[in-house]
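End of the sequence shown sits at 371 in the working numbering; the numbers just go up one at a time, nothing left out.
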Amino acid sequence: MAMEATTVTRELIWRRVMDELGFEHARVRRGQEGTELSGVVLVAEQGAPLRAEYSVVCDDAWRTRRVSVTQSWRGERRTLALEHDGEGHWRKDGQVAEELEGCTDVDLGLSPSTNALPINRLRLQEGATAAIRAAWVRFPALEVVPARQGYARVGPARYRYESLESGFNALLDVDAEGLPIEYAGVWRRLAEGPAAPASVSQTFVDALMSAGPSKELGDAAATFGWLVGGWAGTIQDHDADGSVRQSEGEWWFHWVLEGRALQDVFIVPSRNAPAPSGPGANRRYGTTVRTFDRTTGKWQITWVSPTGGAINRLAGGREGDRLVLLGEHHGKPIRWSFSDIGPDRFTWRGEVQDEAGQWGLQSRFDMRRIA
């Protein structure tokens, strides 16, 4: 679901009065197809700064559909992506999340804004109550667990929230859009007003990038989904005369096009490295788009390099503990493969086949995760 034809955009700031250790700056975008809540939460967590950026996209009935969270805490950056079909079926980071079956809303444990989701979805009459099952995101663990919650409308603009498991309850005074003004004893709104239009560059990024893989990909999303994030490492180019050229590079991956494709940006040398010089220097700046072909069961890969003038197309997938992609460049078979795959590392090898059918190494990238 795209957030197009935006008609209302607001910004709000809350302070966590419970302990005076946090703030949230949120943005609300409402359009013909639904609502997006997004924002940044800054809190002191166990004596360390914690920053959480989030986006929650709902359909026009306020049903949670897509959630993305990026958390930075104690030198570590972690991400979370949730998808909901609107009927109680969830995916977490591209995988079926059976433990969340039947959950109707997401509840970000650090944010008061997500209380607006069940309030607007349920639209309780004054005096009415409802019990829900929410996908509760716990920070800083970034775990998602089902949570039984209750909402009661006790006044024209007042609700009582209750955790049906712990017994915690609090009164919420809300505005016309169900967004908390006073979350008694926990959060208090400090400011609200119209938001400035997003920049053209940010609008483009929002249109391109996706919180996670589309459910259409199913289990195939896991083939390359582990790459999402940032990588840096050593790049070696092996020339025909046996010489090796080496430099440092960076590689960034993200889901795009409503999660139907995975795109990367590959940069050599790294932006924080000295510019290369001389005719033999390594220099790459390009992008790859990966899409899954259900008819063949293979991933289709298109690499575009404006600096080198190359456009390569390959296809393949998992072979044992490697990812192998085959294609052709200047009439010669080429093979790209990911090996030595771990949670924070991988090796990428680029090879070309000679007339005798032997594979020769042209490039080797040893990468480590940085985000």
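Virtual Cβ for every residue (Gly too), placed ideally from N, Cα, C. Please read these numbers as outputs of a predicted model, since none were measured by experiment.
| Can you tell me whether F376 is buried or exposed, with buried defined as 16 or more other CB within 10 angstroms of its CB? | Past the boundaries of the shown model lies residue 376; the chain is included only from 1 to 371, so the question cannot be answered.
| request: Locate the alpha helix (DSSP H) running through P118, then write down its first and last residues. | output: Segment 116–122, the alpha helix (DSSP H) holding P118.
| field | the stretch 326–336 contacting the stretch 299–316, beta-carbon criterion three pairs below 8 Å | value | yes
| field | Coarse secondary structure for L12, derived from DSSP in three states | value | strand
| said: Taking contact to mean 3 or more Cβ pairs, one atom from each stretch, closer than 8 Å, check whether the stretch 65–75 and the stretch 132–140 are in contact. | reply: yes
| request: Report the rounded CA-to-CA distance for E20 versus G225, giving the unit in angstroms. | output: 38 Å
| said: Under 8 Å: do the stretch 252–269 and the stretch 207–222 share three or more Cβ pairs, one atom per stretch? | reply: yes
| said: Pop quiz: V324 and S337 are said to be a contact at Cβ under 8 Å. What is the actual Cβ separation, rounded to whole angstroms? | reply: 5 Å
| message | Give me the residue from E162, T234, V174, W62 with the minimum Cα distance to S363. | response | T234
| query | For V289 versus T302, is the C-beta spacing smaller than 8 Å? | reply | yes
| query | Alpha carbon to alpha carbon, what distance is there between L108 and A2? | reply | Residue placement at A2 is flagged as unreliable, the pLDDT there being 43, under the threshold of 50; the coordinate-derived value follows with that caveat. If I take the Cα positions, the gap works out to 22 Å.
| query | How about T104 and I132: do their beta carbons lie closer than 8 Å? | reply | With contacts defined as CB atoms closer than 8 Å, T104 and I132 qualify as a contacting pair.
| request: Give the C-beta separation of A170 and A152 to the nearest angstrom, bearing in mind that I take them to be a contact with Cβ-Cβ under 8 Å. | output: Not confirmed; about 12 Å, so no contact.
| How would you label F346, buried or exposed, when you count the other beta carbons within 10 angstroms and need 16 or more for buried? | buried
| Outcome for G357 when other beta-carbon atoms lying within 10 angstroms are tallied against a minimum of 16 | G357 should be labelled exposed.
| Where does F346 fall in DSSP's three states? | strand
| In three-state terms, what does DSSP make of L164? | coil
| field | Three-state class that DSSP yields for E4 in the structure shown | value | Residue placement at E4 is poorly supported in this model, since its pLDDT is 45, which falls under 50; the coordinates are not used for a value here.
| said: Please give me, in chain order, every unbroken run of the alpha helix (DSSP H) with length at least 4 that falls completely inside the stretch 129–212. | reply: 200–208
| request: Using alpha carbons as the reference points, say which of R148, E182, Y159 lies closest to S166. | output: R148
| Minimum length 4: unbroken alpha helix (DSSP H) runs contained in the stretch 30–108 | Along the length of the stretch 30–108, whole alpha helix (DSSP H) runs at least 4 residues long do not occur.
| query | Around the Cβ of R294, are there at least 16 other Cβ atoms within 10 angstroms (buried) or fewer (exposed)? | reply | exposed
| What did DSSP end up calling D219 once you bin it into helix, strand or coil? | helix
| task | Out of E98, R158, W187, state which residue places its alpha-carbon closest to the alpha-carbon of V144. | result | E98
| field | Contact between the stretch 46–55 and the stretch 190–204 (3+ Cβ pairs under 8 Å) | value | no
| request: Use the C-beta contact count for P269: other C-beta atoms within 10 angstroms, 16 or more gives buried, fewer gives exposed. | output: In this structure P269 is buried. Its beta-carbon is surrounded by 16 or more other beta-carbon atoms within 10 angstroms.
| field | Contacts around T291, its chain only, beta-carbon distance under 6 Å, and the 5 residues preceding and following it disregarded | value | A261, Q300
| message | Please classify F365 as buried or exposed, where buried requires at least 16 neighbouring CB atoms within 10 angstroms. | response | buried
| request: Within its chain, find whatever has a CB closer than 7 Å to the CB of L164; leave out the 5 residues flanking it on each side and keep chain order. | output: A131, R148, Q149, G150
| said: Ignoring anything shorter than 3 residues, give me the beta strand (DSSP E) runs that lie fully in the stretch 288–350, in order along the chain. | reply: Along the length of the stretch 288–350, whole beta strand (DSSP E) runs at least 3 residues long occupy 298–305, 310–319, 322–329, 332–342, reported in chain order.
| Residues in its own chain within less than 6 Å of S305 by CB, not counting five upstream and five downstream? | G286
| said: Comparing C-alpha positions only, which one of G242, D206, E319 sits nearest to I341? | reply: E319
| query | Taking buried to mean at least 16 other C-beta atoms within 10 Å of its own C-beta, is R74 buried or exposed? | reply | Per the 10 Å Cβ criterion, exposed.
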